[in-house]
Structures are given as C-alpha cells and as structure tokens.
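Reminder that position 101 of the sequence shown reads as 101 in the UniProt record's numbering, one-by-one numbering, no gaps.
Heads up, the beta-carbon is just placed ideally off N, CA and C, and yes, glycines get one too.
Written below as structure tokens is the structure these notes are about.
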Amino acid sequence: MGLLNALFGKSTNNVADYIEKGAVILDVRTHSEYQGGHIKNALHIPVQELGNRLNEVKKLNKPVIAYCASGMRSGSAASLLKSKGVDAINGGGIGSLQRKLG
C-alpha cells in the first residue's frame with residue numbers, strides 16, 4: 001500500500017472517510033446470512049439482485065460501503081456500483097467492517 005500511496009496520494013477507499021460523507025452501509029449477502037446477523041441500519045440487497053435494483057441505490061444519492069462475509073461479493077458489488085456512477089467502496093467482510101465502525 002505504501003507504493004500506491006506514494007504514486008496516488010492517500011487512499012480514498014477509507015471506511016472512516018466514507019462514514020464522514022454520510023455513506024450507506026450495504027449488505028450484499030444472502031437473505032439467510034442477513035437474517036443471521038447484520039450491521040445495524042444496513043441496507044440489504046443481495047449481490048445477485050443488485051443489478052436489478054440499481055435505481056434503489058442511486059436514489060439514495062449517497063456514497064456506499066458494501067460488505068459481505070469475506071469481501072469477495074462486496075468487491076463485485078462495489079465494482080458494479082462504481083461502473084454505474086455510484087461512489088462505492090468494498091468494506092470487506094462483516095467482521096472486519098464492524099471493527100472499523102467501532
């Protein structure tokens with residue numbers, strides 16, 4: 001990460017920075033995973049449904065922090081959202097994101 005910071009400056013993919021900007025927390029896990037526990041006030045849209053529900057996210061007009069179980073699906077979700085003009089980052093797995101949120 002040091003080399004990237006040297007080349008491009010401070011990373012803008014910082015969860016704290018996104019929280020300061022009023023980001024929405026987006027849970028992209030399955031319905032059963034979400035029911036098993038989730039981050040308080042997280043919007044739930046499974047990654048498989050995200051393509052069909054993009055307008056729902058865009059209408060929020062807020063940056064997005066996506067999370068899943070490990071960070072793989074949320075990475076895909078963040079990439080999709082970015083490609084559609086939404087300011088989004090991959091928050092990683094639920095445990096990691098919960099620690100970052102305090």
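**Request:** Less than 8 angstroms between the CB atoms is what I'm expecting for residue 65 and residue 53, so what's the real figure, rounded?
**Result:** Sequence index remark: in the sequence shown, residue 65 carries index 65 (1-based). Sequence index remark: in the sequence shown, residue 53 carries index 53 (1-based). The C-beta distance from residue 65 to residue 53 rounds to 17 angstroms, too long to meet the 8 angstroms contact threshold.
For this session: Measure the Cβ-Cβ separation of residue 70 and residue 85 and say whether it is below 7 angstroms.
Result: Start at 1 with the first residue of the sequence shown, and residue 70 comes out as number 70. Start at 1 with the first residue of the sequence shown, and residue 85 comes out as number 85. The answer is no: Cβ separation not under 7 angstroms.
| request: Report buried or exposed for residue 74, applying the criterion of at least 16 other Cβ atoms within 10 angstroms of its Cβ. | output: Translated into positions along the sequence shown, residue 74 becomes position 74. Result: buried.
### Task
Could you tell me whether the Cβ atoms of residue 15 and residue 82 are closer together than 7 angstroms?
Position 15 of the sequence shown holds residue 15. Position 82 of the sequence shown holds residue 82. Taking a C-beta distance under 7 angstroms as the contact criterion, residue 15 and residue 82 do not qualify as a contact pair.
For this session: Tell me whether residue 90 is buried or exposed, calling it buried when 16 or more other Cβ atoms sit within 10 Å of its Cβ.
Result: As a first step, residue 90 must be located in the sequence shown, where it is residue number 90. Label assigned to residue 90: buried.
What residues are listed by DSSP as bridge partners for residue 64?
The residue given as residue 64 occupies position 64 in the sequence shown. Answer by DSSP bridge pairing, in chain order: 24, 88.
Query raised in the report: So residue 31 is in the alpha helix (DSSP H); what residue range does that whole segment cover?
Result: Locating residue 31 in the sequence shown gives position 31, where the first residue counts as 1. From DSSP, the alpha helix (DSSP H) with residue 31 extends over 31-35.
Would you mind reading off the limits of the alpha helix (DSSP H) that contains residue 100?
-> Your numbering for residue 100 matches position 100 in the sequence shown. Note, residue 100: alpha helix (DSSP H), 94-101.
Report task. Could you check the C-alpha separation between residue 40 and residue 26 for me, to the nearest Å? Result -> In the sequence shown, residue 40 corresponds to position 40, counting from 1. In the sequence shown, residue 26 corresponds to position 26, counting from 1. Taking the CA atoms as reference points, residue 40 sits about 11 angstroms from residue 26.
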